[in-house]
Every structure is written in structure tokens, then in C-alpha cells.
Amino acid sequence: MADYLVIVESPAKAKTIGKYLGKKYAVKASMGHVRDLPKSQMGVDVEQNYDPKYITIRGKGPVLKDLKQAAKKAKRIYLAADPDREGEAIAWHLAHSLDIDTESECRVVFNEITKTAIKDAFKHPRPINMDLVDAQQARRILDRLVGYNISPLLWKKVKKGLSAGRVQSVAVKMINDREKEIQEFIPEEYWSITGQFSYGKETFEANFYGTKDNKEKSKKQPLSSEDDVKAVLGQLKGDEFLIDSVTKKERKRNPVQPFTTSSLQQEAARKLNFRAKKTMMLAQQLYEGVDLGKEGTVGLITYMRTDSTRISDTAKGDAKTFIEEKYGSDYVGQDTKPKKQNENSQDAHEAIRPTTVSREPKELKSYLSRDQLRLYRLIWERMVASRMAPAIMDTMSVDLTNEGVIFRATGSKVKFPGFMKVYIEGNDDGKEEENSFLPDLEEGKTATRDELNENQHFTQPPPRYTEARLVRTMEELGIGRPSTYAPTLDTIQRRGYVAMEDRRFVPTELGEIVLDLIVEFFPEILNVKFTAKMETDLDEIEAGDQNWIKIIDRFYQDFEKRLEVAEKEMQEVEIKDEPAGEDCELCGNPMVIKMGRYGKFMACSNFPDCRNTKAIVKKIGVDCPTCKKGDVVERKSKKQRTFYGCDQYPECDFVSWDKPIARPCPRCEHMLVEKKVKKEVRVQCTNCDYEEDPN
Numbered sequence: 047m048a049d050y051l052v053i054v055e056s057p058a059k060a061k062t063i064g065k066y067l068g069k070k071y072a073v074k075a076s077m078g079h080v081r082d083l084p085k086s087q088m089g090v091d092v093e094q095n096y097d098p099k100y101i102t103i104r105g106k107g108p109v110l111k112d113l114k115q116a117a118k119k120a121k122r123i124y125l126a127a128d129p130d131r132e133g134e135a136i137a138w139h140l141a142h143s144l145d146i147d148t149e150s151e152c153r154v155v156f157n158e159i160t161k162t163a164i165k166d167a168f169k170h171p172r173p174i175n176m177d178l179v180d181a182q183q184a185r186r187i188l189d190r191l192v193g194y195n196i197s198p199l200l201w202k203k204v205k206k207g208l209s210a211g212r213v214q215s216v217a218v219k220m221i222n223d224r225e226k227e228i229q230e231f232i233p234e235e236y237w238s239i240t241g242q243f244s245y246g247k248e249t250f251e252a253n254f255y256g257t258k259d260n261k262e263k264s265k266k267q268p269l270s271s272e273d274d275v276k277a278v279l280g281q282l283k284g285d286e287f288l289i290d291s292v293t294k295k296e297r298k299r300n301p302v303q304p305f306t307t308s309s310l311q312q313e314a315a316r317k318l319n320f321r322a323k324k325t326m327m328l329a330q331q332l333y334e335g336v337d338l339g340k341e342g343t344v345g346l347i348t349y350m351r352t353d354s355t356r357i358s359d360t361a362k363g364d365a366k367t368f369i370e371e372k373y374g375s376d377y378v379g380q381d382t383k384p385k386k387q388n389e390n391s392q393d394a395h396e397a398i399r400p401t402t403v404s405r406e407p408k409e410l411k412s413y414l415s416r417d418q419l420r421l422y423r424l425i426w427e428r429m430v431a432s433r434m435a436p437a438i439m440d441t442m443s444v445d446l447t448n449e450g451v452i453f454r455a456t457g458s459k460v461k462f463p464g465f466m467k468v469y470i471e472g473n474d475d476g477k478e479e480e481n482s483f484l485p486d487l488e489e490g491k492t493a494t495r496d497e498l499n500e501n502q503h504f505t506q507p508p509p510r511y512t513e514a515r516l517v518r519t520m521e522e523l524g525i526g527r528p529s530t531y532a533p534t535l536d537t538i539q540r541r542g543y544v545a546m547e548d549r550r551f552v553p554t555e556l557g558e559i560v561l562d563l564i565v566e567f568f569p570e571i572l573n574v575k576f577t578a579k580m581e582t583d584l585d586e587i588e589a590g591d592q593n594w595i596k597i598i599d600r601f602y603q604d605f606e607k608r609l610e611v612a613e614k615e616m617q618e619v620e621i622k623d624e625p626a627g628e629d630c631e632l633c634g635n636p637m638v639i640k641m642g643r644y645g646k647f648m649a650c651s652n653f654p655d656c657r658n659t660k661a662i663v664k665k666i667g668v669d670c671p672t673c674k675k676g677d678v679v680e681r682k683s684k685k686q687r688t689f690y691g692c693d694q695y696p697e698c699d700f701v702s703w704d705k706p707i708a709r710p711c712p713r714c715e716h717m718l719v720e721k722k723v724k725k726e727v728r729v730q731c732t733n734c735d736y737e738e739d740p741n
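Going by our numbering, the sequence shown opens with residue 47, and the numbers climb by one from there.
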């Protein structure tokens with residue numbers, strides 16, 4: 047019989063911890079929260095200091111019964127939920143449900159699930175931190191007051207099933223504002239001149255920089271029109287260019303910091319094509335523990351909801367030893383002063399890192415799923431690289447002149463790779479960094495122009511938000527916290543307020559309608575500074591510097607007045623169904639286009655008498671290669687991934703993730719497809735090794 051009962055959130059975490067604690071400890075899972083505000087009503091008494099009414103979550107009765115029975119037999123109970131506000135609140139709710147004194151030393155926290163961390167945590171139990179609980183409770187009540195007051199209004203004035211949230215509404219506004227910027231953008235013309243030059247047997251490229259009579263010599267001279275280009279080219283005489291100046295420098299490039307929740311979501315999106323929700327799901331699995339065969343279940347990374355980049359002294363020492371043994375002492379970085387955290391950071395936990403840096407990704411290949419391994423490798427490489435020496439780059443800048451016209455060539459090469467031997471950070475454009483080498487050009491000598499190319503360009507509008515870019519912007523503005531990014535992005539898509547096109551957010555008509563109403567009647571909900579201030583207030587509640595009831599009351603007093611105005615003045619909005627242009631094959635009535643959880647679909651206008659629905663498909667102008675009768679159409683999976691199939695499905699089961707094209711392979715007559723390879727689209731045969739040159 048176990049002497050002690052330990053309660054965690056999940057079975058996976060329970061299994062991992064149980065292995066370290068031994069037979070005297072029974073470890074059980076609460077399966078997340080056991081109590082919450084009721085779904086059927088507000089559950090907050092605004093007349094009694096916003097007193098919340100908590101009830102046992104439906105379906106959690108058997109879990110609670112099992113925990114109560116185990117609690118009766120235990121000499122002592124430990125609550126070991128995650129080390130954040132949410133985890134503290136789960137522990138508090140469990141304490142109330144199991145009659146545990148919240149001031150007793152019942153709370154155990156750890157940042158990583160390793161034997162050392164677990165053993166140490168159980169040596170230092172503490173009371174439940176009510177400041178943390180109050181901060182979580184304040185967020186929950188605020189969101190309930192907003193959602194359960196505005197949502198019924200939207201049901202009455204627009205349509206059933208809509209919702210409005212404090213953070214999600216701001217995210218929708220950011221996406222809509224960006225779309226307006228794009229629509230209102232006026233492109234401006236500009237030109238560039240690129241030259242190909244020879245120096246001995248070597249060639250290199252240089253671009254027009256300016257003219258010697260240009261007053262701002264330190265700034266590149268713009269070319270606004272074709273006339274500007276002609277004026278520059280008219281100055282040139284002959285093909286010989288004087289190598290006027292050669293500047294060589296050595297530049298250090300420092301490694302990036304280990305991952306925070308936000309930077310992990312961004313980098314996983316760039317490098318692994320993961321959505322934020324998927325990244326957090328996989329990170330949770332790696333944190334809670336994976337079965338490593340003889341070694342048993344092991345937590346592979348530290349806690350994954352954090353905005354801190356600091357790491358422990360032990361982890362620094364382990365990394366130093368590993369780097370020295372693996373790459374040599376030259377690759378060990380200096381322990382510099384930590385970079386200043388973002389002013390919105392709580393810095394409550396360490397950065398996301400491997401629990402043991404010596405556990406290399408290649409050793410885990412047979413134990414992890416493909417995606418688990420890819421995410422672990424990303425976290426491992428980032429952590430190791432962060433403790434390595436800077437890279438040293440040799441840079442070279444050369445000015446070539448001809449009749450006062452300056453062309454500039456720049457190049458760089460890696461002199462010492464440092465951290466780049468392990469990891470290089472991605473970027474939002476998806477372009478891989480390249481070294482650009484220049485010949486060993488000598489000042490005072492000449493280079494020969496081989497050709498000059500004039501290129502017309504137009505300025506581009508700001509890009510639509512990807513998940514990575516939106517998370518980064520929300521973090522910079524102080525909107526939300528590490529635990530809220532992924533759920534927020536998931537919610538606004540499920541509600542149909544935004545959609546994804548080419549992995550970028552676009553607003554929907556429904557989202558625009560709801561947003562306009564909230565802007566008119568509840569402007570503070572959409573005010574970025576107001577939302578960021580509210581996050582700061584929640585942080586101050588956590589620190590014990592603010593009273594949660596006062597914070598909520600300050601918000602609600604004004605919000606209640608706006609609610610009264612909105613009830614009287616908000617006009618009903620009719621969302622008309624868009625005709626689909628075809629009739630229902632079951633009853634003959636017109637089909638209409640509706641918005642659902644996974645985007646637009648066709649439905650019969652005779653609903654509910656006829657419940658016929660169809661996916662909206664787009665023909666791509668290719669005959670089905672399998673049945674030869676149908677057309678290949680573009681479809682969307684439930685995860686919004688594009689694929690291609692026959693419109694005669696289920697009679698024909700042709701399907702392809704790659705886009706077929708309307709001509710056969712010149713070698714074998716089989717189907718050609720467009721295949722994305724490293725950001726490039728290539729035409730390949732599905733049967734033989736035929737491949738077309740992308741250039």
C-alpha cells in the first residue's frame with residue numbers, strides 16, 4: 047500500500063513521475079481541471095465581488111471519485127500540476143475537491159521531469175500560491191464576462207454559434223487591419239542595375255550603388271524610373287571599371303538564445319511547417335515523457351510554456367562539457383551577461399531545452415515518432431548552438447567606378463563556423479542563407495563589364511500574417527501569454543472568423559461583420575494597448591501587487607454600460623447565403639454556400655427538409671488519369687491541407703498530394719505533377735525519373 051498520493055494532470059506524466067518516486071508513492075492523473083465555471087450560465091456573481099460558481103466538470107465525476115478514494119488511504123497528498131498559473135489553479139481546485147488545506151505543504155513544482163528534478167522538488171513542497179491562482183482566476187472571469195455577455199448579443203443580432211473573446215478579437219482585428227493595408231497599398235516603381243564582371247578568369251556580380259556627385263555617399267541612390275536608369279547608363283564609357291576601394295572586415299555573428307514558447311512556435315512553423323497547435327501538442331509529449339526502452343519513460347525537454355531565455359547553471363555546465371568533447375574547446379562559447387528579457391516577459395521558468403544535452407537526437411530515432419524527433423532535434427540544436435562560440439565571417443565590400451558611376455559588390459565567407467556548425471535560425475521568407483564569394487580583388491586594378499541588366503520593380507504590400515508572424519507580433523505587443531497563443535489561433539479559425547490560404551491568414555466576411563460590431567460598441571476590447579495593459583495587470587496579480595477583484599471591477603464598470611447601449615442600439619445583421627450556381631441533386635432546390643468549421647461548403651437551401659451538403663471543389667483543368675471520365679479537382683482536408691482527387695469519388699479513388707498538370711510525361715506518358723522541393727516547385731513524373739529543370 048502506497049503511503050503518499052501524487053496527483054498530476056495526465057497519465058503520461060503520471061507514468062514518468064511514478065518511475066522516479068518508487069513504491070511508496072501512488073501517482074494518479076486528474077486529466078486536467080476537475081472544476082470550472084458552468085457552461086450553461088455566466089457562473090460569476092457580479093453583485094458579490096465577482097464570486098465564481100465552480101462546479102465539477104461533466105464527465106469528471108468518476109475521476110474525482112477515484113481520487114477521493116485514493117486520498118482517504120494516503121498519509122499525505124501532493125499536488126504536482128504544471129508549474130504555471132493554470133497548474134496552480136488545477137492544484138487549488140483539487141485541494142477544494144479533496145478537502146486538502148491549501149496552506150499546507152501540498153504543492154510540488156518542477157521545470158523538468160527528470161529523476162534529479164523530481165527528487166529535489168519533493169524535498170521542498172510548499173503551500174498553494176494564491177497569487178498565481180488569483181491571476182488565473184481573474185483571466186478566466188474576465189474572459190467569461192466578455193464572452194458570455196457579447197456572444198448572446200451576436201446570436202441575436204447576427205447568427206447562432208458566434209463568440210467574442212478578449213484576446214481572440216484583437217487577433218482577428220490584426221488580421222483584418224493587415225488585409226486593409228494590403229488592399230489600400232499603392233505600389234511604387236523602382237529600378238535596379240545588376241552587372242556581371244570579370245576579373246582575370248573569375249566572374250562576380252555587382253549592383254549600381256550611386257554616383258560620385260551624389261551628396262549622400264553613405265546611402266544607396268534610388269532609381270525611380272527608366273529615365274533614371276538611362277541617365278546612369280549614359281554616363282558609362284567602355285567596359286573597364288576601376289576597382290576604386292576594397293574593404294575587408296572580420297565580423298562576429300552571435301548565436302541565438304534558447305527557445306521560448308513563442309520562438310519555438312515560430313521556428314517550428316518556418317523549418318518544420320508545423321501549426322502552433324501541433325507544436326505545443328508534440329512539446330507536451332516530449333515534456334511529459336517518452337518510453338525509451340530499457341531506460342523507461344523519460345521527460346526529454348523542460349517545461350514548454352515559458353517566455354524566458356535563461357537556463358540553469360547545471361545545464362550550462364553540461365552543455366560546455368558536451369561541446370568541448372564533441373566539437374573541441376574552440377567551439378565553447380563564453381558565458382556572457384544574459385540578454386535583457388522582453389518587458390512583457392514573466393521569466394518564471396527556464397527556456398525550453400533538452401533535459402540532458404548528451405541525449406542526441408540520433409539516439410532517439412527508434413523511440414520517437416517522425417514529428418516528435420523533428421521537434422526534439424530543433425530544440426536540441428538550438429540549445430547546443432546557444433552555448434557555442436560566435437561564428438566569424440570574412441566580409442568584403444568593393445566599389446567599382448566608371449566615369450563617376452559606382453557599382454558595389456559585397457561578399458562573405460565563413461572563417462570559423464562556431465555555432466553555425468550546429469544550427470542557423472530560419473527566417474519568415476523561407477530563404478536559405480548563402481555564402482557569396484568574391485575574387486581576391488585588388489585596389490587600383492580594373493574589372494571588365496560583361497553585361498548589365500536593367501530590372502524594373504514595384505514595392506510590395508506588407509505580407510499577410512503566417513501563424514509564426516502573428517505569434518511574434520502578439521508577443522511584441524504584449525497580447526496574450528505563452529499558454530494562450532496556440533488556443534487563440536485555433537479558436538479564430540474554428541469560429542470561421544479567419545481562414546488560411548497558402549498558410550497565411552485571410553479575414554472572412556463573418557469575421558469582418560463581427561469585428562465591425564465589436565469596434566462600434568466595445569472599442570476597448572479591440573484596443574491593443576488596453577489588452578496589453580490587462581496582461582500586465584494579471585502579471586501584477588500573480589506577483590501579489592494587485593487585487594484581482596479591483597482589476598475586474600475597474601474593467602466591468604465601463605463594460606456594463608457599453609453592454610446596455612449595445613442591447614438597445616445594435617442593429618440586426620442578415621447574412622445572406624451566397625448562391626452556389628447549381629441545384630440540389632436530391633430535391634432540385636438551389637444549393638447555397640455556407641460557412642462551416644472547416645471553411646465554406648455547399649448546402650441545400652431547402653434545409654432542414656433536405657440536408658444535402660457538398661464540398662466546394664475547384665477544377666484544375668486536368669482529366670482524371672485513373673478513370674479517364676472525371677475531372678481532377680482541388681480539395682481541402684480537415685486540417686486544411688490541399689490535395690487533389692477525382693470529382694467522381696467514391697466511384698473513382700484517384701488522389702494526389704502533388705498538383706497534376708495537363709500534359710503527360712514525354713518519356714513514359716504517365717502523369718506529371720508539380721512537387722515542392724526545398725521551397726522550389728519542380729515538375730516530375732509519377733512513374734519514371736523524368737524531371738524538368740525549374741529554370
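From the three backbone atoms N, C-alpha and C, an ideal C-beta is built for every residue, glycine too.
Give me, in chain order, the residues of the same chain whose beta-carbon lies closer than 6 Å to that of residue i; leave out the 5 immediate sequence neighbours on both sides.
i	result
ILE101	PRO84
LYS295	THR441
GLU134	ASN175, LEU178, VAL179
LYS665	ASP677, VAL679
Hey, quick one: how far does the beta strand (DSSP E) through residue i stretch, first residue to last?
i	result
LEU269	That residue, LEU269, is in no beta strand (DSSP E); it is neither H nor E in DSSP.
LYS459	451 to 462
ASN222	No beta strand (DSSP E) contains ASN222, which is instead part of the alpha helix (DSSP H) from 212 to 230.
LYS664	664 to 669
ARG297	286 to 299
Measure how close the beta-carbons of residue i and residue j come, nearest whole angstrom, since I'm counting them as under 8 Å.
i	j	result
ARG81	LEU125	With a Cβ gap of about 14 Å, ARG81 and LEU125 do not count as contacting.
ARG550	THR512	6 Å
VAL92	TYR602	7 Å
GLU726	LYS705	Going by Cβ atoms, the distance from GLU726 to LYS705 rounds to 14 Å, so no, they are not a contact pair.
THR306	ILE398	7 Å
ARG299	ALA437	4 Å
By Cβ distance, which residues of its chain are closer than 7 Å to residue i, with the 5 residues on each side in sequence left out?
i	result
SER270	GLU235, TYR236
SER244	ALA493, THR494, ASP496
ASP189	GLY211, ARG212
LYS386	Confidence at LYS386 is low in this model, with a pLDDT of 47, below 50, so the placement of that residue is unreliable and no value is reported for it.
PRO553	ILE221, ASN222, GLU225, VAL544
Mark residue i as exposed unless 16 or more other C-beta atoms lie within 10 angstroms of its C-beta, in which case mark it buried.
i	result
THR4	Residue numbering for the chain in the displayed model covers 47 to 741; residue 4 lies beyond these limits and cannot be assessed.
TRP594	buried
ARG515	buried
GLU371	exposed
CYS630	buried
LYS59	buried
GLU606	exposed
GLN539	buried
GLN312	buried
Can you name the start and end residues of the alpha helix (DSSP H) that residue i belongs to?
i	result
ILE470	It is not in any alpha helix (DSSP H) - ILE470 carries neither H nor E in the DSSP assignment.
HIS142	131 to 143
PHE567	555 to 567
GLN539	531 to 540
Secondary structure at residue i, three-state DSSP: helix, strand or coil?
i	result
PRO710	strand
ARG399	coil
MET77	coil
TRP237	strand
TYR96	coil
LEU446	strand
PHE168	helix
ARG40	What the structure shows of the chain is the stretch from 47 to 741, and residue 40 is not part of that stretch, so it cannot be assessed.
ALA437	strand
GLU588	helix
GLY627	strand
ALA48	coil
VAL179	helix
LYS718	According to the sequence provided, residue 718 is Leu. The question's Lys does not apply to it. Correct three-state label for LEU718: strand.
ILE63	helix
ASN573	coil
LEU338	coil
To which residues of the same chain is residue i closer than 8 Å at the C-beta, ignoring the five residues directly before and after it?
i	result
TRP201	GLY207, LEU208
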